[in-house]
Amino acid sequence: RSFTQNAARGALMQDLTQPQHINTMLYEAGAFAQLIENHAVEHPGLSLSRATAKWLTEIRRQTGVIFPADDLTHPLTA
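Letter by letter, the sequence shown follows residues 1 to 78 in the UniProt record's numbering.
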């Protein structure tokens, strides 16, 4: 742990930085794999993920955002 003094307020601050894997999606992929392995199809986070993906897809469609990895035959890019 490292502590530093914040001179402006006199409060102690703690650096909570943790080392990250070079692939920043590793943790999300691991959690997703665990859900699949446990057949957790009713996990509370899945409905939020679906809704978020739906909104992002619609926003991309309306704004014409296309990524290089997009399938050119997909309706979003057609």
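Idealized CB from N, CA, C, for every residue including glycine.
Between residue i and residue j, which are expected to be in contact by the criterion C-beta below 8 Å, what is the C-beta distance as a whole number of angstroms?
i: L35; j: H43; result: 5 Å
What residue range does the beta strand (DSSP E) around residue i cover?
i: L12; result: 11-14
What are the start and end residues of the alpha helix (DSSP H) that includes residue i?
i: P68; result: Neither: P68 is in no alpha helix (DSSP H) and is coded neither H nor E.
i: A29; result: 26-37
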